[in-house]
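Q: I have a structure I would like to understand better, so I am pasting it below and will then ask my questions one at a time.
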Amino acid sequence: MAGQGRMMSATTAADGTAEDGAVTNEAGRVAVGPADDAAGVPAARLLTLAPVRAEGRGALAPLPGWAQPCDSQGAPLASTLRLFEDGREIGPAHALHAEIREHGRGRYSHWDGHVLFSASDDSSPLTNGRSYQALWSPPTLEATLRVAIQAARSECPMSALERRTLLRQVTPLIDPDFVPPDGGRAVETDAGLRAEFRRFFPDNLNTLDRKFAVRELCRLISGLPGDVAEVGCYTGATAWFIARHIVESGVPRTLHLFDSFQGLSAPGERDGSAWKAGDLSAGIATVRRNLGDFPFVALHPGWVPERFPDVADRRFALVHIDVDLYQPTRDAAAFFYDRLVPGGLMICDDYGFDTCPGATAAIDDVMAGKPEPVVGLSAGGCFIQKR
Ligand SMILES: C[S@@+](CC[C@H](N)C(=O)[O-])C[C@H]1O[C@@H](n2cnc3c(N)ncnc32)[C@H](O)[C@@H]1O
Numbered sequence: 018m019a020g021q022g023r024m025m026s027a028t029t030a031a032d033g034t035a036e037d038g039a040v041t042n043e044a045g046r047v048a049v050g051p052a053d054d055a056a057g058v059p060a061a062r063l064l065t066l067a068p069v070r071a072e073g074r075g076a077l078a079p080l081p082g083w084a085q086p087c088d089s090q091g092a093p094l095a096s097t098l099r100l101f102e103d104g105r106e107i108g109p110a111h112a113l114h115a116e117i118r119e120h121g122r123g124r125y126s127h128w129d130g131h132v133l134f135s136a137s138d139d140s141s142p143l144t145n146g147r148s149y150q151a152l153w154s155p156p157t158l159e160a161t162l163r164v165a166i167q168a169a170r171s172e173c174p175m176s177a178l179e180r181r182t183l184l185r186q187v188t189p190l191i192d193p194d195f196v197p198p199d200g201g202r203a204v205e206t207d208a209g210l211r212a213e214f215r216r217f218f219p220d221n222l223n224t225l226d227r228k229f230a231v232r233e234l235c236r237l238i239s240g241l242p243g244d245v246a247e248v249g250c251y252t253g254a255t256a257w258f259i260a261r262h263i264v265e266s267g268v269p270r271t272l273h274l275f276d277s278f279q280g281l282s283a284p285g286e287r288d289g290s291a292w293k294a295g296d297l298s299a300g301i302a303t304v305r306r307n308l309g310d311f312p313f314v315a316l317h318p319g320w321v322p323e324r325f326p327d328v329a330d331r332r333f334a335l336v337h338i339d340v341d342l343y344q345p346t347r348d349a350a351a352f353f354y355d356r357l358v359p360g361g362l363m364i365c366d367d368y369g370f371d372t373c374p375g376a377t378a379a380i381d382d383v384m385a386g387k388p389e390p391v392v393g394l395s396a397g398g399c400f401i402q403k404r
């Protein structure tokens with residue numbers, strides 16, 4: 018996509034033509050004209066492109082000097098230019114020049130005072146008789162995001178690499194602290210994992226990376242004795258992945274699930290303000306239905322730690338703690354740490370999240386003075402392996 022590979026091979030003088038007028042697009046009729054507003058913010062302007070020569074499937078057109086900023090190596094999403102072919106918006110914007118020259122299909126790039134663009138059907142913009150207009154807008158965040166969204170939705174399908182590059186460039190504009198992951202990781206390409214996850218969460222992929230982490234960590238317990246447990250199971254999504262591991266490993270174990278089935282208990286003073294009592298409530302019937310294929314699941318409804326005595330005499334190869342708050346996390350970590358077999362795992366889903374300061378503090382409090390390190394995971398959460 019943008020950045021590397023977008024260097025203009027010619028420097029024709031810029032002399033594009035500004036026009037008063039308007040353009041109709043999916044957002045409605047956009048009035049444009051040369052006058053700046055009272056605050057001095059330049060008005061949007063519509064330009065008719067006058068291509069000067071072909072470049073592969075594309076054509077190169079100069080723009081007037083005021084049509085800034087262009088994209089550049091250091092600012093590959095800087096341009097807010099939108100392109101219209103006979104009044105119909107084309108794209109994606111911010112395309113690599115090699116992609117425009119070789120694949121065309123409406124891709125374009127605003128770079129170094131020019132637009133390198135292609136026709137939607139790969140005919141030559143120099144001879145196809147169509148008019149090409151560029152809508153320049155002041156470089157606001159909204160305008161930048163609008164162009165990026167249009168690029169992602171354009172009729173010309175972006176490659177996976179183009180999409181991911183765009184995503185990596187856009188996210189820091191919205192949140193400079195967000196760490197965009199490299200694309201193409203197993204958690205993104207594992208179609209089976211995704212289909213399984215969507216059974217629980219059809220509308221989004223939030224927390225899929227943590228389910229992936231649990232699924233992978235389960236491999237560490239294959240040779241260990243003991244039961245497994247989850248404290249805070251909600252609708253049973255993580256439990257489902259743990260249950261599937263039990264089936265696949267061939268090691269018979271009971272999967273104990275502890276939950277109020279009435280949502281979170283009341284947050285305490287260490288829990289911050291992200292949660293309130295009753296959040297994340299799922300009924301026990303839902304969990305029974307979702308885990309109905311696994312006869313080794315034992316449900317223990319009640320507030321933590323009321324039902325822990327049910328398993329006081331058991332040993333555990335793995336416990337997954339996911340109750341978001343200080344007190345139940347602390348109660349669960351203290352109880353199950355003592356019952357983990359050597360090599361067994363304690364995973365806390367909430368560890369390290371700024372929405373769950375209580376859960377983080379609870380793990381740190383329980384593990385203080387113990388020999389095992391608390392190992393943070395990049396997807397969020399942590400695990401401890403019992404010595
Ligand atoms: C974040 S959800 C669990 C998500 C689940 N592990 C999954 O993977 O989908 C938190 C769960 O903890 C339960 N919970 C919170 N506080 C609790 C408490 N004090 N006692 C029992 N259950 C509690 C809630 O009912 C809720 O189902």
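Count along the sequence shown starting at 1, add 17, and that's the number in my numbering. Using N, Cα and C, we set each Cβ at its ideal position, and we do this for glycine too.
(1) Which same chain residues end up closer than 7 Å to Asp327 when comparing Cβ atoms and leaving out the 5 residues on each side of it in sequence?
(2) Return the CA-CA distance between Ser137 and Phe229, expressed in angstroms with no decimal places.
(3) Residues in the same chain with beta-carbon distance under 8 Å from Ala294, minus the five sequence neighbours each way, listed in chain order, please.
(4) Which residue marks the beginning of the beta strand (DSSP E) containing Phe333, and which one marks its end?
(5) Are Gln167 and Ala95 closer than 9 Å when you measure CB to CB?
(6) Measuring from the CB of Tyr251, is there a heavy atom of ligand 1 at a distance below 8 Å?
(7) With the cut-off set at 9 Å, would you say Ala177 and Gly200 are in Cβ contact?
(8) Going by the C-beta, is Val245 closer than 8 Å to any heavy atom of ligand 1?
(9) Per DSSP, which one or two residues make a beta bridge with Ala302?
(10) How far does the alpha helix (DSSP H) with Glu233 in it extend, from its first residue to its last?
(11) Can you tell me whether Trp257 is buried or exposed, with buried defined as 16 or more other CB within 10 angstroms of its CB?
(12) Any heavy atom of ligand 1 inside 8 Å of the beta-carbon of Thr255?
(13) Based on Cα-Cα distance, which residue from Ser277, Trp292 and Ala329 lies nearest to Val304?
(14) Determine contact between the stretch 116-128 and the stretch 62-78, defined as no fewer than three beta-carbon pairs at a distance below 8 Å.
(15) What separation, rounded to the nearest whole angstrom, lies between the Cα atoms of Trp153 and Ala160?
(16) Could you tell me the boundaries of the alpha helix (DSSP H) in which Ala260 lies?
(17) Can Leu394 be considered in contact with ligand 1, in the sense that its beta carbon sits closer than 8 Å to one or more heavy atoms?
(18) Should His337 be listed as close to ligand 1, given that the test is whether its C-beta is under 8 Å from any heavy atom?
(19) How far does the alpha helix (DSSP H) with Pro189 in it extend, from its first residue to its last?
(20) With distances taken between CB atoms, is the gap from Arg347 to Ala379 smaller than 9 Å?
(21) Mind checking whether the beta-carbon of Pro345 lies closer than 8 Å to any heavy atom of ligand 1?
(22) Nearest to Arg105 by CA position, among Ser239, Ala291, Arg147 and Pro86, is which residue?
(23) Do you know offhand how far Val314's Cα is from Gly267's?
(24) Within 10 angstroms of its Cβ, does Val245 collect 16 or more other Cβ (buried), or is it exposed?
(25) Just curious, the alpha helix (DSSP H) that Phe101 is in, first and last residue?
(26) The beta strand (DSSP E) with Asp276 in it runs from where to where?
(27) Less than 8 Å separating the Cβ of Ser276 from some heavy atom of ligand 1?
(28) Between the Cα of Arg185 and the Cα atoms of Lys387, Asp367 and Pro93, which residue gives the shortest distance?
A: The short version:
(1) His317
(2) 40 Å
(3) Gly280, Leu281, Ser282, Ala283 and Pro284
(4) Phe333 to Ile338
(5) no
(6) yes
(7) Taking 9 Å as the Cβ cut-off, Ala177 and Gly200 qualify as a contacting pair.
(8) No - ligand 1 has no heavy atom lying nearer than 8 Å to the Cβ of Val245.
(9) In DSSP, Ala302 forms no bridge with anything.
(10) Leu225 to Leu234
(11) buried
(12) Yes, ligand 1 has a heavy atom inside 8 Å of this Cβ.
(13) The candidate whose alpha carbon is nearest that of Val304 is Ser277.
(14) Using a Cβ-Cβ distance cut-off of 8 Å, the stretch 116-128 and the stretch 62-78 are in contact, since at least three pairs of beta carbons, one from each stretch, lie closer than that value.
(15) Distance between the alpha carbons of Trp153 and Ala160: 9 Å.
(16) Bounds of the alpha helix (DSSP H) holding Ala260 are Ala254 to Ser266.
(17) Checking the Cβ of Leu394 against ligand 1 gives no.
(18) yes
(19) Ala177 to Ile191
(20) Here Arg347 is near Ala379, since their CB atoms are less than 9 Å apart.
(21) yes
(22) Nearest Cα to Arg105 within the set Ser239, Ala291, Arg147 and Pro86: Arg147.
(23) 15 Å
(24) buried
(25) That residue, Phe101, is in no alpha helix (DSSP H); its beta strand (DSSP E) goes Arg99 to Glu102.
(26) Leu272 to Asp276
(27) In the sequence on display, residue 276 carries Asp and not Ser. Asp276 Cβ: within cutoff of ligand 1.
(28) The shortest Cα separation from Arg185 among Lys387, Asp367 and Pro93 belongs to Pro93.
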